[in-house]
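A short write-up of the structure that comes next.
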Amino acid sequence: MLIIRKKLFKRFYVLDAMECSVIVIEDLRKLNNALFILSTHLYEISEGLKQYPSIKFSDFETHVNDGQLVFSYTLKDGISNDRPGYLILKREGVVNMLDKL
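In our numbering, the protein residues as written are 3 to 103.
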């Protein structure tokens, strides 16, 4: 069985989403002969889940080059430390627009 799910609990408040995600992931890992691929921006949940050898963390690497986000589209082991939110707001002109208020 293969299940792919993007952003568990995406419409929940952040703390609720983190708690619910951890509970669901801890229970899903108990299923035999199943592979779950889950996507989340809640990197904080990784700390509590690192204790389980059956859980693997991967991320798509990004870099900043001359103020622009560069996507490698390469999956690598580990947990992303990238925080591109401000760069995206700036690139899209939101920061400039807010400065003019």
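Glycine residues also receive a C-beta, built at the ideal position from the N, C-alpha and C atoms.
Rounded Cβ spacing between residue i and residue j (contact assumed at less than 8 Å)
i, j, result
"S60", "L77", "5 Å"
CB of residue i within 8 Å of CB of residue j, strictly
i, j, result
"S41", "I81", "no"
"L71", "L44", "no"
"E63", "S56", "no"
Counterpart residues of residue i in DSSP-defined beta bridges
i, result
"N67", "Q70"
"F62", "L77"
For residue j and residue i, the rounded distance between their alpha carbons
i, j, result
"F11", "V24", "11 Å"
"Y54", "K9", "20 Å"
"Y15", "L30", "22 Å"
"G87", "R13", "18 Å"
"L103", "L51", "43 Å"
"A19", "N98", "32 Å"
"K58", "L17", "22 Å"
Residue i: CB within 7 Å of a non-hydrogen atom of the ligand PLP
i, result
"L91", "The ligand content of the structure shown is nil, which means the ligand PLP is not present either."
### Query
How about the segment 60-69 and the segment 24-38: do they share at least three Cβ pairs that are nearer than 8 Å?
Segments in contact, no.
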